[in-house]
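> Dumping the structure here so I can ask a few things about it.
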Amino acid sequence: MSSRLARLRQEMQDRGLEAFLVSSLPNIRYLSGFTGSHGLCVVTRAEAVLITDSRYARQSRMEARRCRRIITAFGLFETVRADGMLKMRRRVGFESHHVSYAQYRSLKRLFPRVSFSGQTDVVEEIALVKDPVEVESIRKAALISDRVFAEIVPLIRPGVMEAEIAAEISYLLKSHGGERDAFEPIVASGERAVLPHARPTEKRIRRGEMVILDYGTTCNGYCSDITRTVVVGRASRRAREMYALVLDAHAAAIAAARAGITARELDAVARERLRLAGYGRYFVHSLGHGIGLSIHERPRISPLSTERLQVGSVVTFEPGLYVPGVGGVRIEDDVVLTGTGCRVLSGAPRELMIL
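For the sequence shown, the numbering used here puts the final residue at 386, and the numbers step up evenly by one.
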């Protein structure tokens, strides 16, 4: 944690900030180790202060050992003022993506002499590259997801509801040691599989349908995120063609991944495979995204991103095709960038499974 705070202070210095207010819970955890659901971390050049309420008095003492702790019964910003930690500070940053306008007005009212500056990607810039302990946590979460895939496949059959499969996924993830769902599992079958982020419903799976399974868990707070697509009963020629194309795009991305490549260059590798096959317009989202304490982090592997991938970045590759009247296919794995290319952390079978 001390090295993370040191890097944050360097980032603050580069941005001309005397203090920084961290209100995003994943970022608070990243900097302090605190896992509670309510808090604020104030970082100055001299100290890091964690403010939370009495529910977390003992927990914060156990988790946030490198921070001065304040347990309060009042508002977080009001507690900052009462403590005086921003006294004589003239330029203070806050996380603009997480602080509402009402909260900003409250800060201006409580600290009229402070110049507040909304900042983006301050902690995210530091968290972009994972250390070996973080990578191992993601690998363990991915391993749990792999095990669940092996156990969930036999349960997918005609007549079973999407929601039943989703509930079983959540149960199995925890049974194998997962802390919580990284996000609500996606189970989408048939025509509903053309919706990339479909929520599981009471729809019953039918023979001949493609079924997308997208889920993940956490280990030490770090997320996994995998997707597999199976076919129930006979797979049509079109379904086989789509699956083969997505698998090829996925393999091409893994082969091309290396430190220094831009996100949009990597996205283009997979996207071009699908375009040349006549399916370009059916790939409707980006190739992938970073993962860590949050399920969606930098870098975003999209056609719009010029960010260069770095050794230690952990990302997902998830090419997909969504054809109305036919269904959808997506294959997703978690990947860490290395000095020689990349290493795939998830290992569930990728070949087409016909159940």
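Glycine included, every Cβ here is placed at the ideal spot set by N, Cα and C.
1) Check aspartate 84 in the structure and name its three-state DSSP category.
2) Kindly list the residues whose CB is nearer than 6 Å to the CB of alanine 224, restricted to its own chain and excluding five residues on each side of it in sequence; keep chain order.
3) Spell out the partners DSSP gives methionine 241 in its beta bridges.
4) DSSP three-state label for leucine 368, please.
5) Do you know whose CA, among Glu109, His128, Ser344 and Val145, lies nearest aspartate 152's CA?
6) CB threonine 347 to CB aspartate 256, shorter than 8 Å?
7) Nearest to leucine 305 by alpha carbon, out of Arg339, Arg361, Ile322 and Gly378?
8) Rounded to a whole number of angstroms, what is the C-alpha to C-alpha distance between isoleucine 175 and leucine 203?
9) Could you round the C-beta distance between glycine 343 and arginine 289 to whole angstroms and report it? I think they count as a contact, below 8 Å.
10) Candidates Ala197, Val166 and Arg259: which alpha carbon is nearest threonine 249's?
11) Could you give the residue range of the beta strand (DSSP E) that holds histidine 320?
12) Tell me the residue span of the beta strand (DSSP E) that contains glutamate 328.
13) Following the continuous alpha helix (DSSP H) through glutamine 134, name the residue where it begins and the one where it ends.
14) Keeping to the same chain, check which residues put their C-beta closer than 7 Å to that of leucine 352; ignore five residues upstream and five downstream.
15) Please state the DSSP three-state secondary structure of valine 145.
16) Figure out for me which residue from Arg86, Leu81 and Val111 has the closest Cα to the Cα of arginine 99.
17) Can you name the start and end residues of the beta strand (DSSP E) that phenylalanine 348 belongs to?
18) Would you mind reading off the limits of the alpha helix (DSSP H) that contains arginine 178?
19) With distances taken Cα to Cα, identify the nearest neighbour of glutamine 44 among Asn251, Glu94 and Val123.
20) Flag this pair as touching only if the region 229-238 and the region 190-206 have three or more C-beta atom pairs under 8 Å; answer yes or no.
21) With a CB to CB cut of under 7 Å and the five nearest residues on each side skipped, what residues in its chain are close to serine 201?
22) Use the C-beta contact count for lysine 118: other C-beta atoms within 10 angstroms, 16 or more gives buried, fewer gives exposed.
23) Can you have a look at glycine 319 and say buried or exposed, based on whether 16 or more other CB atoms are within 10 angstroms of its CB?
24) Name the DSSP bridge partner or partners of tyrosine 246?
25) Spatial neighbours of alanine 88 within its chain, please: C-beta separation below 6 Å, excluding the five flanking residues on both sides.
26) Within 10 angstroms of its Cβ, does serine 336 collect 16 or more other Cβ (buried), or is it exposed?
Walking through what the data contain:
1) It is coil, neither helix nor strand.
2) Answer for alanine 224: Met241, Ile243, Gly358 and Gly359, listed in chain order.
3) DSSP output for methionine 241 lists Val262 as bridge partner(s).
4) It is a strand residue.
5) Aspartate 152 has its Cα closest to that of His128, out of Glu109, His128, Ser344 and Val145.
6) Yes, the pair counts as a contact, with Cβ atoms nearer than the cut-off.
7) It is Arg361.
8) Whole-angstrom Cα-Cα distance: 9 Å.
9) Contact annotation, glycine 343 with arginine 289: C-beta distance approximately 13 Å; criterion of less than 8 Å not satisfied.
10) Of the listed residues, the one whose Cα sits closest to threonine 249 is Val166.
11) If you look at histidine 320, you'll find it in the beta strand (DSSP E) that goes 319-321.
12) Glutamate 328: member of the beta strand (DSSP E) spanning 328-332, first to last residue.
13) Residues 132-141.
14) So the qualifying residues of the chain are Met273, Leu276, Val277, Leu305, Tyr310, Tyr313, Phe314, Gly359 and Val360.
15) Correct three-state label for valine 145: coil.
16) Ranking the options by Cα distance to arginine 99, first place goes to Leu81.
17) Residues 345-348.
18) Element bounds for arginine 178: 163-183.
19) Ranking the options by Cα distance to glutamine 44, first place goes to Val123.
20) When C-beta atoms of the region 229-238 are compared with those of the region 190-206, three or more pairs fall below 8 Å, so the two segments count as touching.
21) Result list for serine 201: Asp212 and Pro216, in chain order.
22) In the assembly as shown, lysine 118 is an exposed residue. Its beta-carbon has fewer than 16 other beta-carbons within 10 Å.
23) The residue is buried, with at least 16 neighbouring Cβ atoms inside 10 Å.
24) Beta-bridge pairing by DSSP links tyrosine 246 to Ile257.
25) Here the set comprises Ile102.
26) By the beta-carbon neighbour count (other beta carbons within 10 angstroms, threshold 16), serine 336 is buried.
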